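**Student:** Position 44 (the sequence shown) corresponds to 222 in our numbering; numbering is contiguous.
Take this structure, written in structure tokens, and hold onto it; I'll ask about it next.
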Amino acid sequence: MSKILIKKVRLIDPSQNLDSTKDLLIEKGKIKAIGDDLFELEAQLIEGQGLIACPSFVDLHVHLRDPGQEYKENLESGMKCAVAGGFTTLVCMPNTKPAIDSPETAQYIVRKAEDIGLCRVLPSGAITKGRKGQELVDFYALKEAGCVAFTDDGAPLMDSRLMEKALKLTAQIGSFIMNHCEDDRIANGHINEGYVSSLLGIASRPAGAEDLLVARDCILAYHTGGHIHIQHLSSSLSVEIIRFFKEKGARITCEVNPYHLLFTEEEILRSYSNAKVNPPLRGQEHCKALLEALKEGTIDCIATDHAPHAIWEKGQIEKAMPGMIGLQTALPMMLQLVREGHISLSRMVELMSCKPARILGLTDCGSLREGSKANLVLFDPEKEWVLNEETNLSKSKNTPLWGKRLKGKVLYTIFEGRIVYKDV
């Protein structure tokens, strides 16, 4: 394994309160040294002036569509997107065909990802068999097969009795539940309940549908001692509910997607079905509340909810599949929040790397400490680029950012001491 020496790069690592221009030496897959004027004759040299190096990103919520829907994405194309976006650890969702509800399907993903070798893919297992919300899976067997968490993502678990039992059982094996919190008896429309839905006459998904399940899951986590992770927050009231129960000591973590921070429901008028997601893009007051929660720590991490769909699945809004791709655009979107003064660079790295690694209990990523595995990303915060047919590595292109000029680009992604992505 080759040695890599990165010279005079700005190192940002919130796990050790590091923000300084240093040299960094990688040897045998690990960070060997951080210091001034390091020299290694046999090392591959990377000039880091003007670049930022930080622990590589960790995404708790991606859809890789493999097995069963490889026409949208497969493990290899999704992993290529990931490393191009600075991610070296992905948690893939179980809404595949078949669902990840058996050890065999989980092992298929783990082994195939290891063979590809670009980054690490950790499967999440379904909570219920077939994601049908009726019968719990064998949590222990799925954990032994490599599942790091459990969710029926895309199909909210509506049965409170099953959710209570799932929280208790996963707590016993040292795991946790992630839930897509939208009461589907209320959220049976297509876009946010508000100005745009009234203007277009399209059936809506009110914020209250999210608030109801967030409240239920927080209450159950409080009473059971189980760990609930709330997926893709979008509602201001949900933020307040989570803050309340965190202060009471409940084991709750939560994520927000970059597009819920930067886009409002009016994006539907510009991007049409490419802006259709579940939960939907909401009004400005919700974006403002999410940004405040991001600053003060109620929100634990950023997750992309990378959700590729084929062109023919993104037609008329009422019939379009919900979701956007996001692995390659997460960094420039978050850097926009930094430039606007909402968060610092250090907080951005914490949200995209350190905190999601901590939620997963991973000790081999989320840090640049000497002796740790060399999982890091180097990016140019000023480099402009366009997401188009040439730069997009996904099989899909469903995003409002298609063809737009973005600012902030990954130049190198290093996974366990190997350069797995380079754009120089």
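Built from N, CA and C at the ideal position, the CB exists for glycine as well.
Bear in mind that the values here come from a model prediction, so they are computed numbers and not experimental data.
Would the beta-carbon of leucine 268 fall within 7 Å of that of alanine 277?
**Tutor:** no
**Student:** Quick test of the definition: if touching needs 3 or more C-beta pairs under 8 Å, does the region 248 to 257 touch the region 446 to 453?
**Tutor:** no
**Student:** In chain order, what residues of the same chain lie with their CB nearer than 8 Å to the CB of valine 602, ignoring the 5 residues before and after it?
**Tutor:** Leu589, Tyr590
**Student:** Kindly examine the ligand ADP and report whether one of its heavy atoms sits closer than 6 Å to the Cβ of alanine 399.
**Tutor:** Ligands displayed in this structure: none; no statement on the ligand ADP is therefore possible.
**Student:** May I have the straight-line CA-CA distance separating histidine 401 from proline 301, to the nearest angstrom?
**Tutor:** 27 Å
**Student:** Could you compute how far the alpha carbon of isoleucine 495 sits from the alpha carbon of proline 486?
**Tutor:** 16 Å
**Student:** If alanine 381 sits next to glycine 367, beta carbons under 8 Å apart, how far is it from one beta carbon to the other, in whole angstroms?
**Tutor:** Indeed, because the Cβ distance is near 3 Å, the residues count as touching under 8 Å.
**Student:** Measuring CB to CB, does serine 414 end up less than 7 Å from alanine 467?
**Tutor:** yes
**Student:** Just checking, does the region 296 to 312 make contact with the region 322 to 330 on the three C-beta pairs under 8 Å criterion?
**Tutor:** yes
**Student:** Could you give the residue range of the alpha helix (DSSP H) that holds alanine 471?
**Tutor:** 462 to 474
**Student:** Taking only runs that begin and end inside the region 255 to 284, name each unbroken beta strand (DSSP E) of 3 or more residues, in chain order.
**Tutor:** Counting only runs of at least 3 residues, the region 255 to 284 fully encloses the following beta strand (DSSP E) elements, listed from N- to C-terminal order: 265 to 270.
**Student:** Comparing the C-beta of asparagine 366 with each C-beta of chain C, is any distance below 7 Å?
**Tutor:** The structure shown contains no chain C; it is built from a single protein chain.
**Student:** Thinking C-beta only, is lysine 533 closer than 7 Å to aspartate 542?
**Tutor:** no
**Student:** Measure from the alpha carbon of lysine 210 to the alpha carbon of each residue in Val598, Glu594, Leu335, then state which is nearest.
**Tutor:** Glu594
**Student:** Would you report the Cα separation of glutamine 285 and histidine 405, rounded to the nearest angstrom?
**Tutor:** 24 Å
**Student:** Buried or exposed: tyrosine 128, going by 16 or more other Cβ atoms within 10 Å of its Cβ?
**Tutor:** Limits of the chain in this structure are 179 at one end and 602 at the other, which puts residue 128 out of reach.
**Student:** Considering only C-alpha positions, which residue in the set Gly493, His484, Thr507 is nearest to isoleucine 501?
**Tutor:** For clarity, residue 501 is glycine in the given sequence; the question names isoleucine instead. Just measuring C-alpha positions, the residue of Gly493, His484, Thr507 sitting nearest glycine 501 is His484.
**Student:** Classify cysteine 479 as helix, strand or coil using the three-state DSSP reduction.
**Tutor:** Strand.
**Student:** Please name the residue, chosen from Ile369, Lys181, Leu238, that lies closest to glycine 379 on a Cα-to-Cα basis.
**Tutor:** Ile369
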